[in-house]
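Visitor: Sending over a structure as structure tokens; questions will come in a sec.
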Ligand SMILES: Cc1cc2nc3c(=O)[nH]c(=O)nc-3n(C[C@H](O)[C@H](O)[C@H](O)COP(=O)(O)O)c2cc1C
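In this note's numbering, the protein residues as written are 41 to 340.
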């Protein structure tokens, strides 16, 4: 009923946990049954360790949060040696999120991960708004094409390209990823935003600006998923403010084959499993045999 395929990955249900909101899964092992989740996307890793941005790195906003972590991580060697043994044992598909400063770094990261059995797929984070460089790969059609093409050449694992909402026309970028051989696109990453403490006159984030997530972004993310899914043939993985099963179903009706849960994990660590059960109950209530039957079935 709930099974779905993304590239070569067979998922038992259409619910993934989003990169950067679920650590490397071990952090959540006592809080949620990891075996029940459709797939786990690990926190973005880079070639070399990164210290991340100045504190404070997160702050609450009305109906959401801002973060500017700056891709803090220990680098790929540490990930493979220290995190993969545990992740491989869970029995849930693991999708490794990677980010590079240039095409070569994406290529090297993908080549390393291609050899790791416990990894089912690679999510290309070309859309993190919190790193200091001239622009995001995901803001440029040609660069998106080139990064995905380079990664495609080096791995036969499933590639998911994660898009940024901080663009004029997200469908153009999605098409570039599809043309270059991506198996799916995921959207959205966070929206660039900021918040100021009026007493100190300073930004509430050390990095000054950050990425906005949570329920406040849901209507915009939903619209983007709707537009992208109408314009490409590969599966769309939707996210942005999904807090419950009803939110998830909205994304599926708009065209998402699979959804990801992000900020909600911080509020309720077990929410992904609740969402899975809620989608299942919805399918039963409406006598829908397979989740596939309602993907993009919005009535217009
Ligand atoms: C604290 C925090 C850290 C994040 N880190 C990453 C990351 O490392 N890589 C990535 O691709 N997205 C990262 N994201 C973005 C989420 O994966 C997701 O795209 C975004 O938050 C929108 O979904 P949501 O509204 O359900 O949180 C992060 C989000 C938050 C809130």
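The beta carbon of each residue, even a glycine, is placed where N, CA and C say it ideally should be.
Quick caveat: nothing in here was measured; it's all calculated off a predicted structure.
Using C-beta distances below 7 Å, list every residue in its chain close to residue 91, excluding the 5 sequence neighbours before and after it, in chain order.
Guide: The answer, listed in chain order, is 112.
Visitor: Quick check on the DSSP output: what are the complete alpha helix (DSSP H) runs of length 4 or more inside the segment 197 to 233, in order along the chain?
Guide: Counting whole runs of 4 or more residues, the segment 197 to 233 contains the alpha helix (DSSP H) stretches 210 to 219.
Visitor: Name the DSSP beta bridge partners of residue 300, please?
Guide: Residue 300 pairs with 56.
Visitor: Distance, Cα to Cα, residue 275 vs residue 238?
Guide: Whole-angstrom Cα-Cα distance: 44 Å.
Visitor: Between which two residues does the alpha helix (DSSP H) containing residue 286 stretch?
Guide: Here the alpha helix (DSSP H) through residue 286 covers 285 to 294.
Visitor: Should residue 303 be counted as a contact of ligand 1 given a C-beta to heavy atom distance under 7 Å?
Guide: Checking the Cβ of residue 303 against ligand 1 gives yes.
Visitor: Helix or strand or just coil, what does DSSP make of residue 100?
Guide: Residue 100: strand per DSSP, three-state reduction.
Visitor: CB of residue 193 to nearest heavy atom of ligand 1: below 7 Å?
Guide: False, no ligand heavy atom lies under 7 Å from that Cβ.
Visitor: Unbroken alpha helix (DSSP H) runs of length 4 or more, entirely within the segment 62 to 94: which are they?
Guide: You should have found no qualifying run.
Visitor: When you compare the CB positions of residue 251 and residue 107, do they come within less than 8 Å of one another, or not?
Guide: Result yes, Cβ atoms of residue 251 and residue 107 sit closer than 8 Å.
Visitor: Count Cβ pairs between the segment 95 to 104 and the segment 131 to 139 that sit closer than 8 Å; are there 3 or more?
Guide: Result no; under three Cβ-Cβ pairs closer than 8 Å.
Visitor: Below 8 Å between beta carbons: does that hold for residue 130 and residue 65?
Guide: Yes, the pair counts as a contact, with Cβ atoms nearer than the cut-off.
Visitor: Report the rounded CA-to-CA distance for residue 266 versus residue 247, giving the unit in angstroms.
Guide: About 32 Å.
Visitor: Can you tell me whether residue 176 sits near ligand 1, meaning its C-beta is under 7 Å from at least one heavy atom of the ligand?
Guide: Result no, Cβ not under 7 Å from ligand 1.
Visitor: So does residue 105 have its beta carbon nearer than 7 Å to some heavy atom of ligand 1?
Guide: Within the cutoff, so yes.
Visitor: Quick check: residue 77 and residue 298, are their CB atoms within less than 8 Å of each other?
Guide: The answer is no: Cβ separation not under 8 Å.
Visitor: How about residue 227 and residue 203: do their beta carbons lie closer than 8 Å?
Guide: Yes, the pair counts as a contact, with Cβ atoms nearer than the cut-off.
Visitor: Could you compute how far the alpha carbon of residue 58 sits from the alpha carbon of residue 301?
Guide: If I take the Cα positions, the gap works out to 5 Å.
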